[in-house]
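These notes concern the structure reproduced below.
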Amino acid sequence: MLDDARAHLERVASAAAPFHLHLRGSATFRPVSPVVFVQVVEGIAECEHLEQAVRGGPLAQELRFNYHPHVTVAHEVADDDLDRAFDEMATYEARFDVHAFHLYEHGDDGVWRPRRPYLLGDAADRADDGAPRPVAGGVARGSRP
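Each residue of the sequence shown is one higher than the one before, counting from 506 in our numbering.
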């Protein structure tokens with residue numbers, strides 16, 4: 506199953522183009538879910554397309570909630586901490602290009618750990634050894650911003 510999932514993710518990544526993402530301001534899923542997040546204000550359609558493609562094939566499953574592109578900053582913490590995260594992230598803003606998504610593993614200790622990047626676009630954009638290529642500004646394609 507894991508090999509099938511990895512092959513599926515490789516196909517999804519190679520079929521998708523890199524895109525620009527703009528994050529701005531905080532929001533919450535409360536009272537439905539104890540989550541505070543930063544909002545995606547540009548790149549929403551690209552995130553939705555990737556989500557639909559990833560959640561196909563061997564990874565097809567029903568969702569508990571509709572997909573909503575966002576960046577979680579607080580989850581399952583005390584209400585005061587959720588309030589503080591909401592207030593502190595209200596003026597947050599970031600813009601960057603997305604060149605990859607990552608496969609994460611949820612450990613028995615409850616920690617999510619990155620296991621493998623999947624670079625977006627044609628395999629010709631990759632270094633000969635499969636490693637991310639440097640781009641302008643010294644940031645490696647596939648690295649986390």
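Cβ coordinates follow ideal geometry from the N, Cα and C atoms, glycine included.
Contact defined as beta carbons within less than 8 Å: I believe residue i pairs with residue j. What is the distance between those atoms, to the nearest angstrom?
i    : j    : result
V545 : H575 : 6 Å
Y623 : F601 : Going by Cβ atoms, the distance from Y623 to F601 rounds to 17 Å, so no, they are not a contact pair.
Verify whether the separation of the beta carbon atoms of residue i and residue j is less than 7 Å.
i    : j    : result
A522 : G626 : yes
A590 : V578 : yes
Label residue i either buried or exposed according to how many other C-beta atoms from any shown protein chain fall within 10 Å of its C-beta, with 16 as the threshold for buried.
i    : result
A512 : exposed
A520 : exposed
E551 : buried
L568 : exposed
Do you know whose CA, among the options, lies nearest residue i's CA?
i    : options                : result
V517 : F591, H527, V582, P563 : P563
A599 : A605, A510, H527       : H527
V582 : G530, V541, E515, L624 : V541
G530 : H573, E556, L608, Y597 : Y597
H525 : T533, G615, E547       : E547
W617 : Y623, Y609, A510       : Y609
D588 : E551, R560, G615, F534 : F534
D584 : P539, H604, A510       : P539
Under 8 Å Cβ to Cβ from residue i, same chain only, skipping five residues before and after it: list those, please.
i    : result
V537 : F570
D586 : A579
Which same chain residues, not among the five before or five after residue i, have their C-beta less than 7 Å away from its C-beta?
i    : result
L507 : none
Y572 : E553, E556
E593 : none
Between residue i and the rest of its own chain, which residues show a CB-CB distance below 6 Å, the 5 nearest in sequence each way excluded?
i    : result
R649 : Confidence at R649 is low in this model, with a pLDDT of 36, below 50, so its placement is unreliable and the value that follows should be read with caution. There are no such residues.
I549 : P574
R621 : L608
V559 : V517
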